Amino acid sequence: MLKAILFDMDGVIVNTEPLHHKAYYHMFSDVNIEVSDNLYASFTGQSTMAICKELCKQFNLPLAPETLVEIKRDHFKYLFENDTELALIDGVLDLIKDYHSNGLTLVLASSASMPNINNIFKRFDLDQYFIAKLSGADLKASKPHPEIFEKAAIASGFKPQECVVIEDSTNGIKAAKDAGIFCIGYDSLNSKNQDYSLADIVVSDFKDIYFENVASRFLEIAK
1240 MLKAILFDMD GVIVNTEPLH HKAYYHMFSD VNIEVSDNLY ASFTGQSTMA ICKELCKQFN
1300 LPLAPETLVE IKRDHFKYLF ENDTELALID GVLDLIKDYH SNGLTLVLAS SASMPNINNI
1360 FKRFDLDQYF IAKLSGADLK ASKPHPEIFE KAAIASGFKP QECVVIEDST NGIKAAKDAG
1420 IFCIGYDSLN SKNQDYSLAD IVVSDFKDIY FENVASRFLE IAK
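For any residue, its number in the working numbering is found by taking its place in the sequence shown, counting from 1, and adding 1239.
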């Protein structure tokens, strides 16, 4: 039986991708590297530290990954406070309220840093619906490693087989499936060049996964 929903944040709850994109490309410019669209797309779902380690390796940068992280986060902080593009994904607040009112336990499992998570949750008043928030930046491994969803299931108090993950990225979907958790792929207009083939179901409208629909689909596929 379905007991808990484990939400990704970026691209599922809030549309921070335009802000992250701007912040990353400001950072790329600051350190004089040119990152292709394909390489940038491959980073979706990974933590900032994991991305910066890969950049240092690929571009043989003389800077520490921690330095790149700080540069990017400074740009993001400015954009978060000043950019007007930041908004919840259409329909997600109604989805969260639907799950919460039907007794499901909600946990956030995001690659974003905890300060960013807390800023988003405070800005949109989301703490009232979630019992726990996990940041991939605090863990040893980044998505596509399953650690974050394994820990999110533990935080929910339920078995992985009683949970559902909602993800919009190739790396996040793989992490969910490797954790042994039913995964809904959210094919968003904001998620470019992502592979949803491993997801149990794929939707582009949150109305398709309201409690009654997702509970019945979960039971059908889990049998």
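No residue lacks a Cβ here, since even glycine has one placed at the ideal position from N, Cα and C. Keep in mind it's a predicted model, so treat the numbers as computed, not measured.
DSSP three-state call for G1250: helix, strand or coil?
For the purposes of this step, residue 1250 is taken as the residue at position 11 of the sequence shown. DSSP places G1250 in the coil class of the three-state scheme, outside both helix and strand.
Exercise for review: For I1420, I'd like the list of residues in its chain whose CB is within less than 6 Å of its CB, leaving aside the five on either flank, ordered along the chain.
Suggested key: Translated into the one-based positions of the sequence shown, residue 1420 becomes position 181. Cβ within range, chain order: F1388, P1399, C1402, V1404.
For this session: Compare the beta carbon distance of P1464 and N1341 with 8 Å and say whether it is the shorter of the two.
Result: Residue 1464 is absent from the model: the chain starts at 1240 and stops at 1462.
Integer-rounded CB distance, given that L1258 should sit under 8 Å from L1325: To locate residue 1325, count along the sequence shown from 1; it is residue 86. To locate residue 1258, count along the sequence shown from 1; it is residue 19. Contact between L1325 and L1258 holds, since their C-beta atoms are separated by about 6 Å, short of 8 Å.
Problem set entry | Unbroken alpha helix (DSSP H) run spanning F1445, endpoints | To locate residue 1445, count along the sequence shown from 1; it is residue 206. From DSSP, F1445 is part of no alpha helix (DSSP H); its letter is neither H nor E.
### Query
Counting contacts by CB-CB distance shorter than 8 Å, is D1329 in contact with chain C?
Of the protein chains in the structure, only one exists, and it is not chain C.
- Taking C-beta to C-beta, are I1244 and L1365 nearer than 8 Å? The count along the sequence shown starts at 1 and reaches residue 1244 at position 5. The count along the sequence shown starts at 1 and reaches residue 1365 at position 126. Remark: C-beta atoms of I1244 and L1365 do not approach each other more closely than 8 Å.
Distance, F1397 Cα to F1363 Cα
Here residue 1363 is taken as the residue at index 124 of the sequence shown, counted from 1. Here residue 1397 is taken as the residue at index 158 of the sequence shown, counted from 1. Distance from the CA atom of F1363 to the CA atom of F1397, rounded to whole angstroms, is 27 Å.
Are A1438 and I1460 touching if we call contact CB-CB under 8 Å? In the sequence shown, residue 1438 corresponds to position 199, counting from 1. In the sequence shown, residue 1460 corresponds to position 221, counting from 1. Going by beta carbons, A1438 and I1460 fall outside the 8 Å limit.
Going by DSSP, what residues sit across from E1406 in a beta bridge?
-> Along the sequence shown, one-based indexing puts residue 1406 at 167. G1424.
- DSSP three-state assignment for I1244, whether helix, strand or coil: For the purposes of this step, residue 1244 is identified with residue 5 of the sequence shown, where counting begins at 1. Three-state DSSP puts I1244 in a strand.
- With A1348 as the anchor, note down where its beta strand (DSSP E) starts and where it stops. For the purposes of this step, residue 1348 is taken as the residue at position 109 of the sequence shown. Start and end: 1344 to 1349.
*Quick one: which unbroken beta strand (DSSP E) runs of 3-plus residues sit fully inside the segment 1360 to 1406? Chain order, please.*
Runs of the beta strand (DSSP E) lying entirely within the segment 1360 to 1406, each at least 3 residues long, are 1371 to 1374, 1402 to 1406 in chain order.
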